[in-house]
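*Asks:* The sequence shown lines up with residues 53 to 240 when you count with the working numbering.
A virtual CB, placed ideally from N, CA and C, is assigned to each residue, including glycine.
Before I ask anything, let me first share the structure, which is written out below as structure tokens.
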Amino acid sequence: ASLGGISGLMAEHLGGPSLLAGLVLVDITPHMDADGVSRIQGFMADRMREGFATLDEAAAAISAYLPHRPPPRSLAGLAKNLRKGDDGRYRWHWDPAFIDGPRTINTDGETVQHDLIEAAKGLSIPVLLVRGQQSELVTEEAVAAFREMAPHADFVDVSGAGHMVAGDRNDAFNDAVLGFLDRLEGRA
């Protein structure tokens with residue numbers, strides 16, 4: 053979700069005015085908490101190459117990383133986020149270079165962050181920022197800074213959710229996004 057938000061933000065910025073009808077940013081702003089980024093990357097990198105012997109092992113690793121989230125009743129959703137390799141082990145469906153390759157997302161004021169700030173300041177389309185209140189990436193200060201850059205943006209702070217808002221509180225996430233889409237439709 054966060055990479056999609058960054059992509060959408062930059063597409064609107066670089067694609068010309070009103071390329072998009074609206075934009076939903078899920079737990080991402082131009083200002084990401086560096087410790088949170090490191091923690092997420094560390095979790096993903098920990099088993100990126102080795103993978104997991106079973107879906108249960110993957111679920112246990114996620115439960116240890118996200119103790120606030122109850123374990124899934126079914127592993128079907130988790131199976132969609134993993135691929136079973138020729139060796140029978142499950143690995144995240146992402147390209148490992150995304151985690152352990154050259155860094156493309158910086159949190160220290162370098163070029164990418166500057167571009168994201170400029171993109172946010174230039175937003176003229178309807179925007180919804182959905183933050184998990186327990187987010188490792190998006191602090192209250194980051195939300196305040198984003199709302200200064202894009203004062204017209206709607207904002208929903210989802211209690212009981214971390215960075216993976218839809219996974220933690222799918223009900224609240226869906227309500228926020230569907231409400232935003234209804235408002236967008238009303239503007240058409």
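Using a Cβ-Cβ cutoff of less than 6 Å, which residues in the same chain neighbour residue 231 once the five nearest sequence positions on both sides are dropped?
*Replies:* Cβ neighbours of residue 231 beyond the five flanking positions: none.
*Asks:* Would you say residue 191 and residue 120 are within 9 Å of each other, going by their C-beta atoms?
*Replies:* No; because the gap between Cβ atoms is not below 9 Å, this pair is not in contact.
*Asks:* Less than 7 Å between C-beta atoms, sequence neighbours within five positions excluded: which residues of the same chain meet that for residue 55?
*Replies:* Once the five neighbours on either side are set aside, residue 55 has no close Cβ partner at all.
*Asks:* Write down every uninterrupted run of the beta strand (DSSP E) in the stretch 53-111 whose length is 3 residues or greater and which is fully enclosed by it, in chain order.
*Replies:* With a minimum length of 3 residues, the continuous beta strand (DSSP E) runs that stay inside the stretch 53-111 are 75-78.
*Asks:* In or out: residue 160 buried (at least 16 other Cβ within 10 Å) or exposed?
*Replies:* Caution is warranted here: a pLDDT of 48 is assigned to residue 160, below 50, making its placement in the model unreliable, and the coordinate value is therefore given only provisionally. Classification for residue 160: exposed.
*Asks:* Taking the alpha helix (DSSP H) that residue 199 falls in, what are its first and last residues?
*Replies:* From DSSP, the alpha helix (DSSP H) with residue 199 extends over 192-201.
*Asks:* Do you know how far the Cα of residue 168 is from the Cα of residue 86?
*Replies:* Residue 86 and residue 168: Cα-Cα distance of roughly 16 Å.
*Asks:* So, helix, strand or coil for residue 233, using DSSP?
*Replies:* Of the three classes helix, strand and coil, the one that applies to residue 233 here is helix, per DSSP.
*Asks:* Reducing DSSP to helix, strand and coil, say where residue 125 ends up.
*Replies:* In the structure shown, residue 125 sits in coil (DSSP, three-state: anything other than H, G, I, E or B).
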